[in-house]
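Numbered according to our numbering, the sequence shown terminates at residue 186, and the numbering increases by one at each position without gaps.
These notes concern the structure reproduced below.
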Amino acid sequence: MEPCHQCGLRDQAHGVVFGEGDPQADIVLIGEGPGREEDRLLRPFVGAAGQLLDKMLAAIEMDRFHGIYILNVVKCRPPQNRVPTPAERKACWPHLAAQLRILSPQVVVLLGTTAVQTLLGISRLSEARGRWHERGGVWFRATYHPAALLRNPHWKEGAWQDLQEVQAKILALRQKAGEVSEIGK
């Protein structure tokens, strides 16, 4: 990713957290933006929320390096882990759009409100959760951000149901395409 100074985030961040995972992934997970640990290690979802995400993926026989690519709406850490502003999201949009074009996933999982607002144009997570959204041949599913699940453990059951729907969707898409393979492979 070329140096970017479209907004002020890059000026205060340690670096750009581009993304990580399987470049041939059928599933892309999109979060909000890097936190403190992500900014330090330059990897997405490596703090407490990332550890929870890894456990959630393992529960449906997936992991971040096989069949999944993980990235964020903004690539640089907002100060004090605040929510990225609309201007910051707009500045990062060309990078996110390019990533999605290159990765060409079948399914995109939107982790939290910022991802839902940016990718679907829906203002509230509650309006997007619980159903599939199709855009340009790509299926989108909204769920809770893992950091929100750490603060609100009673939402975990809903997130579990969302991930089961993602697992079922990707298997159905593979069967429709004539592929017989295990999830995450």
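For every residue, glycine included, the Cβ atom is placed at its ideal position computed from N, Cα and C.
Using 10 angstroms around the beta-carbon of residue i, count the other beta-carbons present and answer buried if the total reaches 16, otherwise exposed.
i: residue 12; result: exposed
i: residue 131; result: exposed
i: residue 106; result: buried
i: residue 26; result: buried
i: residue 1; result: This structure does not reach residue 1, given that the chain is present from 2 up to 186, and the question cannot be answered.
i: residue 129; result: buried
i: residue 143; result: buried
If you drop the 5 nearest sequence neighbours on each side, which residues of the same chain put their C-beta closer than 6 Å to that of residue i?
i: residue 55; result: none
i: residue 134; result: 121, 141
i: residue 148; result: 50
Which whole-angstrom value is the C-beta distance of residue i and residue j, which I expect to be below 8 Å?
i: residue 22; j: residue 65; result: 5 Å
i: residue 171; j: residue 71; result: Incorrect: roughly 15 Å between the Cβ atoms, too far for contact.
i: residue 50; j: residue 146; result: 7 Å
i: residue 139; j: residue 167; result: No, residue 139 and residue 167 are not in contact; Cβ-Cβ is about 13 Å, not under 8 Å.
Note down the Cα distance separating residue i from residue j, rounded to an integer number of angstroms.
i: residue 30; j: residue 80; result: 23 Å
i: residue 126; j: residue 164; result: 15 Å
Ignore the nearest five residues each way along the sequence and tell me which others in residue i's own chain have a CB closer than 7 Å to its CB.
i: residue 93; result: 74, 75, 76
i: residue 85; result: 33, 34, 74, 75, 79, 115
i: residue 150; result: 53, 156, 157, 160
i: residue 124; result: 118
Taking the continuous beta strand (DSSP E) assigned at residue i, which residues delimit it?
i: residue 72; result: 69 to 73
Kindly indicate the opening and closing residues of the alpha helix (DSSP H) around residue i.
i: residue 117; result: 114 to 121
i: residue 51; result: 49 to 60
i: residue 159; result: 157 to 177
Report all residues from its chain with a CB closer than 8 Å to the CB of residue i; omit the five preceding and five following residues, and keep chain order.
i: residue 41; result: 15
i: residue 90; result: 74, 75, 115, 118, 119
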